[in-house]
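To convert, count from 1 in the sequence shown and add 49; that's this note's numbering.
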Amino acid sequence: MSSQFEPLVIIPARMASSRLPGKPLAHVAGEPLIVHVWRSAVAAGLGPVAVACAEPEIAEAITAVGGKAVLTRPDHASGSDRVFEAAENLDPAGAHDVIVNLQGDMLARDASFLGRILAPIEAGADIATLVKEMTDPAESADPSVIKAAVSFAPGATVGRALYFSRHQIPAGEGPLYHHIGVYAFRRAALKRFVSLPHGPLETRERLEQLRALEAGMRIDAALVDTEALDINTPAGLDQARALIGGR
C-alpha cells in the first residue's frame, strides 16, 4: 500500500473485561479472536503488525501462528496507553511515524477498509479514525454504539470530527455516523495524547477520544462502507461467529 508514511500497527489486548472476560482467546471458527484480528491487520498491508499483550497467554496465541507479540504492563488504563508502551519498546528510534491502534476485539470479514485510516493523516490530522453511515435505526438509540459528529464537505469522504457521543448526534435531518474504533496517530500526537489528563467530557461520556478534542487536537474521520464488529458481549461473540462462520 503506497503512502508517504511508515505506519506500525499495534493491537492492544487484555484478558480482563467486565462484560466478556477472556475474550482475546474466545474461539471463533476454530481460532482465538485475537488471531482473527491479527490476520485482518496483516492482510490490510498497512505496515508491520504486533499485538501488545497484558498477559503471556495472548502472546503465546499470536506467536503460535507466526505473529509478533510484546508483553506490556497489565495495569494500563486504556488501550492507547498499552499501544504507546509497545511502540516505544518495538521502535525506540521512532522509524515509524504513524502508529495505528486497532482494537483487539474488532473483527471484519474484509480488512481492506483499514487502508482508509491513513487518508485523514495525509490530510493533516493529528489523529485519524473511521466512521460508517448508520443504516439500522436501532443503532441511534443504543448507547453501546458510539456516534460521531463529522463535518463532511459535499462529496468528501474525509472530514473533521467535532464530537463523539453514546447518544444520537447531531440533531436534525441528515446522515448519522457510527464510529469505528480504530485510530492512527502521528507519533508525536500519540506521545502527547497519553500524557494528557483525563478531561471532564471524556469522563462523562466514557470515551477517551474526547480527551484529544478537549485538548485541541485535530481528529479527522474517513468514511467507509463495511461491516466491522466491536465484540464486547457474549451476543457480540455470537455475531462474530456468524460473520466468520463456525465456533
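Think of the CB as a built atom: it goes at the ideal place given N, C-alpha and C, for glycine as much as any other residue.
Treat the numbers as computed from the prediction; the structure is a model and nothing was measured.
For residue i, name the three-state secondary structure that DSSP assigns.
i	result
F234	strand
D279	strand
K117	coil
R209	strand
V77	strand
A172	coil
A261	helix
H85	helix
A108	helix
S127	coil
R255	coil
G71	coil
A142	coil
A190	helix
S244	helix
R165	helix
Do residue i and residue j have their C-beta atoms within less than 9 angstroms of each other?
i	j	result
G153	P61	yes
A355	A210	Limits of the chain in this structure are 50 at one end and 296 at the other, which puts residue 355 out of reach.
I293	L151	no
L82	H76	yes
H145	A136	yes
I280	V149	no
T275	Y232	no
P283	E263	no
A93	L163	yes
A103	H125	yes
Residue i bridges to which residues according to DSSP?
i	result
T178	Y232, A270
N150	I59, Y232
V199	A210
D98	Position check: residue 98 holds Val in this sequence, whereas Asp was assumed. Looking at the DSSP assignment, V98 forms a beta bridge with V58.
A157	A277
L227	The sequence given here places His at residue 227; Leu does not occur at that position. According to DSSP, which records beta bridges pairwise, H227 is partnered with K181, K196.
Suppose you measure from the CA of residue i to the CA of residue j; what does that come to, to the nearest Å?
i	j	result
H228	P141	31 angstroms
P196	Y226	For the record, residue 196 in the displayed sequence is Lys; it is not Pro. Cα to Cα, the separation comes out at about 6 angstroms.
P246	A261	10 angstroms
V180	R253	22 angstroms
L278	A187	16 angstroms
A291	G285	10 angstroms
G115	R165	26 angstroms
G143	E222	45 angstroms
L259	M266	10 angstroms
I111	V147	23 angstroms
S89	E80	13 angstroms
R255	I176	18 angstroms
P224	M64	36 angstroms
H85	Q288	14 angstroms
A202	D185	24 angstroms
P105	F213	34 angstroms
D159	V91	12 angstroms
Worksheet item: For the segment 122-134 against the segment 91-98, are there 3 or more C-beta pairs whose distance is under 8 angstroms?
Response: no
Item to complete: Specify whether the segment 198-208 and the segment 232-252 touch according to this definition: at least 3 beta carbon pairs, one from each stretch, less than 8 angstroms apart.
Response: no
Discussion item. Below 8 angstroms, how does it come out for the segment 187-194 and the segment 111-129: are there three or more Cβ pairs, yes or no?
Written reply: For the pair of segments examined, the segment 187-194 was found not to touch the segment 111-129: the number of CB pairs separated by less than 8 angstroms stays below three.
Worksheet item: Just checking, does the segment 160-173 make contact with the segment 263-272 on the three C-beta pairs under 8 angstroms criterion?
Response: yes
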